[in-house]
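Everything in the sequence shown is counted per our numbering, starting at 1 for the first residue and increasing by one.
Note that beta-carbon positions come from the ideal geometry of N, C-alpha and C, so glycine has one too.
These numbers were taken from a predicted model, which means no experiment stands behind them.
Structure, as structure tokens:
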Amino acid sequence: MSDHPLCNVIEAVLLAAGRPVTVDQMLELFDEHERPPAEDVRDALADLDRRFEGTGIELREVASGWRVQVRPQFAATVSRLWQERPSRYSRALLETLSLIAYRQPITRGEIEDIRGVTVAATIMRTIQERGWIRVVGHREVPGHPELLGTTREFLDYFGLKSLDDLPTLAQLQDLDELNEQLELPGEERLPVLSAANADSASAEEAVAGLDDAPDEEASADEGDGHRAPTLVALSPDDDSR
Numbered sequence: 001m002s003d004h005p006l007c008n009v010i011e012a013v014l015l016a017a018g019r020p021v022t023v024d025q026m027l028e029l030f031d032e033h034e035r036p037p038a039e040d041v042r043d044a045l046a047d048l049d050r051r052f053e054g055t056g057i058e059l060r061e062v063a064s065g066w067r068v069q070v071r072p073q074f075a076a077t078v079s080r081l082w083q084e085r086p087s088r089y090s091r092a093l094l095e096t097l098s099l100i101a102y103r104q105p106i107t108r109g110e111i112e113d114i115r116g117v118t119v120a121a122t123i124m125r126t127i128q129e130r131g132w133i134r135v136v137g138h139r140e141v142p143g144h145p146e147l148l149g150t151t152r153e154f155l156d157y158f159g160l161k162s163l164d165d166l167p168t169l170a171q172l173q174d175l176d177e178l179n180e181q182l183e184l185p186g187e188e189r190l191p192v193l194s195a196a197n198a199d200s201a202s203a204e205e206a207v208a209g210l211d212d213a214p215d216e217e218a219s220a221d222e223g224d225g226h227r228a229p230t231l232v233a234l235s236p237d238d239d240s241r
């Protein structure tokens, strides 16, 4: 166990916060005359990360800060603590969300051109209600369609610190029809994000499972989605990227 003097208090803060916490937010918790240097807090986080090695929980930095969460390999077992039926997201919703994540800023019309079908209103409503996308501007063309991008909540949900942490196309599962329309090289693959392993899984582990998801556009809005459990809740208060 680490002897770092801040390790225990940082651990307590992360477990009690109910959301990711930044280093600056941690510093604000201390009285001014007792406030440690930011570097000491970062050292304590590094020690805490080492402390959790070989345990069922891990320390992860996401877009909104640091959080403690269940390791992905234990998520399926721990998720049985919750009795509600896991929701599944349709292939159409996951394709739409993936296009926004990887091609942002992008308009709804451009998504429809790539997919070759109209994006159902239920899909847009679902991902907007989850707080995963936002309007980041308007395209300078007739009609000035909205440009869509992902949010900080999207990054937090999929366990990402920034968009740079998205897995590369070559690491992900294949969607032949979209590969062809996107004119990607044959060895590259269009990513499809899966909510099934969100929160505790890495971005690469949060991909796939589409064979179990219905293809119908109308099935996009299916409840709040099943999230692998964490020891802290997601942060709903910041939708900036």
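In the three-state reduction of the DSSP assignment, Gly-56 falls in the coil class. A contact between stretches requires three or more CB pairs, one per stretch, nearer than 8 Å, and the segment 45-59 fails this requirement with the segment 83-99. Residue Leu-148 holds the alpha-carbon nearest to the alpha-carbon of Trp-132 among Gly-18, Leu-148, Gln-73 and Arg-60. DSSP links Thr-150 through a beta bridge to Ile-133. With respect to the 9 Å criterion, Pro-20 and Ala-63 are classified as neighbours on the basis of their beta carbons.
For Gln-104, there is no enclosing beta strand (DSSP E), since its DSSP letter is neither H nor E. Comparing C-alpha distances from Thr-168 to each of Glu-39, Gly-143, Gly-137 and Tyr-102 shows the shortest one belongs to Tyr-102.
In the three-state reduction of the DSSP assignment, His-144 falls in the coil class, being assigned neither a helical nor a strand state. Apart from the 5 residues on each side of it in sequence, Gln-25 sits with its Cβ closer than 8 Å to the Cβ of Gly-65 in its chain, given in chain order.
Bounds of any alpha helix (DSSP H) do not take in Gln-69; it lies within the beta strand (DSSP E) bounded by 65-70.
Below 8 Å, too few C-beta pairs join the segment 112-122 and the segment 133-143 to call them touching: fewer than three. In this structure Ser-98 is buried. Its beta-carbon is surrounded by 16 or more other beta-carbon atoms within 10 angstroms. Judged by DSSP secondary structure, Arg-51 falls within the alpha helix (DSSP H) whose first and last residues are 38-51. Residue Cys-7 holds the alpha-carbon nearest to the alpha-carbon of Val-41 among Cys-7, Gly-54, Phe-52 and Arg-60.
Thr-150 counts as buried, since at least 16 other C-beta atoms from the protein chains shown sit within 10 angstroms of its C-beta.
Going by C-alpha positions, Ala-17 is about 27 Å away from Thr-126.
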